[in-house]
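Undergrad: Please find one structure pasted underneath; my questions will follow.
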Amino acid sequence: MQKKFLTGQCIVLGVTGGIAAYKAVEVASSLKKLGAEVQVVMTEAAQEFVQPLTFRAVTHNPVITDMFAEPKSWEVEHISLAQKADLFLIVPATANIIGKIANGIADDMLSTTAMATQASVLLAPAMNVNMYNNPILQSNIDKLSKLGYGVVEPASGYLACGVEGKGRLAAPEKIVELAIRELTLSADWQGVKVLVTAGGTQEPWDPVRYLGNHSSGKMGYAVAKVAARRGAEVLLVTAPTALESPLGVEVEQVQTAREMYEAVLAVAAEQEVIIKAAAVADYRPQNKAEDKIKKDESEPLINLERNPDILAELGRRKERQFLVGFAAESEQLLTNAQAKLKNKNLDLIVANDISAVDSGFKVDTNQVVLISAQDQQELPKLSKMEVAARLLDKIVELREE
Ligand SMILES: Cc1cc2nc3c(=O)[nH]c(=O)nc-3n(C[C@H](O)[C@H](O)[C@H](O)COP(=O)(O)O)c2cc1C
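Each step along the sequence shown adds one to the number in our numbering, with nothing skipped, and position 115 is 139.
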């Protein structure tokens, strides 16, 4: 008999009008088998593809289809359902529902409940490849991701519309796995004080120019976001980025390495875990000009001086904290990372090959090796959110040891 992981958990499963709606039946059935209470909400279009009766039979619950149907109790149904949800899943998610949620439209039972919920929302898009690649859809997905909505990446392959491409609903078992992860993760960092640093510092040369680096901050922000979602009390000290502040995270903005040093060292002693994902400049221009340096015939030289090494200082002062560093390397990844782990007195280092395709700076994916004194774990190429989740899993494991 299958272990009932999800007993006591309520999952609201929204089903929208795409060809893949029939696959949501398998998702509902698997979640039910795992012990979850599954409440299905179907859009009008979804009912063109699958009968509500199918979901009713699988979940043993009535299926909600109409916001204005005669209520079965005094409760306003979309609000009570939204509050009851431990997780809100939308499978498949049409371009339409993604657009509606991203733009605050609440014109039917599903979109209204999605707006009212405070649970994590996980969307599994499925559609024609051109719809998927449409920049409007992509920007809606991007907006939702930045707001903390989970998006299950669709697969590539043969689509129902007869073409090959990206847009096929992710495999139901993958969706179920992510749902389980979302539901079972949420409490393991409850109340843990975590400091995360992110972004690339900027070292001014004059009031207009600075020395910087390619860090986008995405990895550090993902760590802060996932830690907060798992219950941690997160302080994010960040150099300038184009990213929105993650929900539920306290954010302190800095610009230079020295400002980051001050901000981090001021609070380091209170932290239980410190994760240094920022790309901190090793050097800064020795003098910052008061006025903009004018272009003339000369070729100016910039004299550089060393910035303080924040990670090394944290390693020196470390008492009870768990200290994590990142090593972005373009050569001899493991050797350099292992040396840094030791020299800076770290508990874990995330070694990041920035020369690999779709890994490191700017992109949304990363391929890393987690190295501790005990072991070495190579992760496949994953989204930065997933890398963050795996990193936090590893820290839990090592702290328990
Ligand atoms: C046969 C057929 C298949 C469709 N498949 C999809 C699909 O896979 N993904 C999608 O976004 N829209 C698809 N649509 C379009 C949606 O049904 C349409 O945009 C609808 O308004 C969605 O409403 P809903 O989001 O409220 O369910 C399909 C339409 C038809 C007629």
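Ideal Cβ placement from N, Cα and C applies to all residues, glycine included. All of these numbers come straight from a predicted model, not from anything done at the bench.
Could you give the first and the last residue of the continuous alpha helix (DSSP H) run that contains Glu286?
TA: Along the sequence shown, one-based indexing puts residue 286 at 262. Looking at the DSSP string, the run of the alpha helix (DSSP H) that includes Glu286 is Ala281 to Val291.
Undergrad: For Tyr173, tell me which candidate among Ala44, Leu111, Ala292 and Leu338 has the shortest Cα-Cα distance.
TA: Walking along the sequence shown from the start, residue 173 turns up at place 149. Among Ala44, Leu111, Ala292 and Leu338, the Cα nearest to that of Tyr173 belongs to Leu111.
Undergrad: How many angstroms separate the CA atom of Val65 from the CA atom of Leu207?
TA: By 1-based counting over the sequence shown, the position of residue 65 is 41. By 1-based counting over the sequence shown, the position of residue 207 is 183. Near 19 angstroms, if we compare the C-alpha coordinates of Leu207 and Val65.
Undergrad: Assuming the contact rule is C-beta atoms closer than 8 angstroms, Val288 and Thr221 should be a hit. Round their C-beta distance to whole Å, please.
TA: For the purposes of this step, residue 288 is taken as the residue at position 264 of the sequence shown. For the purposes of this step, residue 221 is taken as the residue at position 197 of the sequence shown. That belief holds up - the Cβ atoms of Val288 and Thr221 are roughly 6 angstroms apart, short of 8 angstroms.
Undergrad: Within the region 37-115, note down every full alpha helix (DSSP H) run reaching 4 residues or more, in order along the chain.
TA: If we require 4 residues or more, the alpha helix (DSSP H) runs fully inside the region 37-115 come out as 47-57, 76-83 and 101-108.
Undergrad: What residues in its chain sit with their C-beta under 8 angstroms from that of Lys418, if we drop five residues either side in the sequence?
TA: Here residue 418 is taken as the residue at index 394 of the sequence shown, counted from 1. Same-chain partners within the cutoff: Leu372, Leu394, Ser396 and Gln401.
Undergrad: So Met133 packs on Met91, CB below 8 angstroms; how close in whole Å?
TA: For this step, residue 133 is matched to residue 109 along the sequence shown. For this step, residue 91 is matched to residue 67 along the sequence shown. Indeed they touch by this definition, with Cβ atoms about 4 angstroms apart.
Undergrad: Pick out whichever of Gly244, Glu410, Tyr156 and Asp230 has its Cα sitting closest to the Cα of Val218.
TA: To locate residue 218, count along the sequence shown from 1; it is residue 194. Nearest option by C-alpha distance: Gly244.
Undergrad: Can you tell me the Cα-Cα spacing of Gln26 and Val348, whole angstroms?
TA: Counting from 1 along the sequence shown, the entry for residue 26 is found at position 2. Counting from 1 along the sequence shown, the entry for residue 348 is found at position 324. Confidence at Gln26 is low in this model, with a pLDDT of 38, below 50, so its placement is unreliable and the value that follows should be read with caution. Rounded to whole angstroms, Gln26 to Val348 spans 37 angstroms at the Cα level.
Undergrad: Pick out the complete beta strand (DSSP E) segments inside the region 170-206, 3 residues or longer, and give them in chain order.
TA: Those beta strand (DSSP E) runs which fall completely within the region 170-206 and span 3+ residues are 179-182 and 188-192.
Undergrad: Output yes or no for whether 8 angstroms exceeds the beta carbon distance between Ile317 and Asp230.
TA: Taking the sequence shown and counting its residues from 1, one reaches residue 317 at position 293. Taking the sequence shown and counting its residues from 1, one reaches residue 230 at position 206. Yes; because the gap between Cβ atoms is below 8 angstroms, this pair is in contact.
Undergrad: Reducing DSSP to helix, strand and coil, say where Ala351 ends up.
TA: Within the sequence shown, numbered from 1, the residue matching residue 351 stands at position 327. In this structure, Ala351 counts as strand in the three-state DSSP scheme.
Undergrad: Is the separation between the beta-carbon of Arg253 and that of Ser144 shorter than 8 angstroms?
TA: Walking along the sequence shown from the start, residue 253 turns up at place 229. Walking along the sequence shown from the start, residue 144 turns up at place 120. Yes, the Cβ-Cβ distance between Arg253 and Ser144 is below 8 angstroms.
Undergrad: Classify Val176 as buried or exposed, calling it buried when 16 or more other Cβ atoms lie within 10 Å of its own Cβ.
TA: To locate residue 176, count along the sequence shown from 1; it is residue 152. Buried, because 16 or more other Cβ atoms sit within 10 Å of the Cβ of Val176.
Undergrad: Jot down the residue ranges of each uninterrupted beta strand (DSSP E) in the region 290-373, minimum 3 residues, whole runs only, in chain order.
TA: List check, beta strand (DSSP E) in window: 297-300, 307-309, 328-330 and 346-353.
Undergrad: Where does Gln162 fall in DSSP's three states?
TA: In the sequence shown, counting from the first residue as 1, residue 162 sits at position 138. Correct three-state label for Gln162: helix.
Undergrad: Look up Ser239 in the DSSP assignment and say whether it is helix, strand or coil.
TA: By 1-based counting over the sequence shown, the position of residue 239 is 215. In the structure shown, Ser239 sits in coil (DSSP, three-state: anything other than H, G, I, E or B).
Undergrad: Leaving out five residues before and five after Leu328 in sequence, what residues of the same chain have Cβ atoms less than 6 angstroms from its Cβ?
TA: Locating residue 328 in the sequence shown gives position 304, counting from the first residue. Only Tyr307 meet the Cβ criterion.
Undergrad: For Pro149, write down the residues that DSSP places opposite it in a beta bridge.
TA: Along the sequence shown, read from residue 1 onward, the residue named residue 149 stands at position 125. Its beta-bridge partners are Ala117.
Undergrad: Could you pull the DSSP bridge partners for Leu219 from this structure?
TA: As a first step, residue 219 must be located in the sequence shown, where it is residue number 195. Note: Leu219 sits in a beta bridge opposite Leu259 and Ile298.
Undergrad: Would you kindly check if the distance between the Cβ of Pro228 and the Cβ of Ala281 is under 8 angstroms?
TA: Counted from its first residue, the sequence shown places residue 281 at position 257. Counted from its first residue, the sequence shown places residue 228 at position 204. No, these two residues do not count as a Cβ contact at 8 angstroms.
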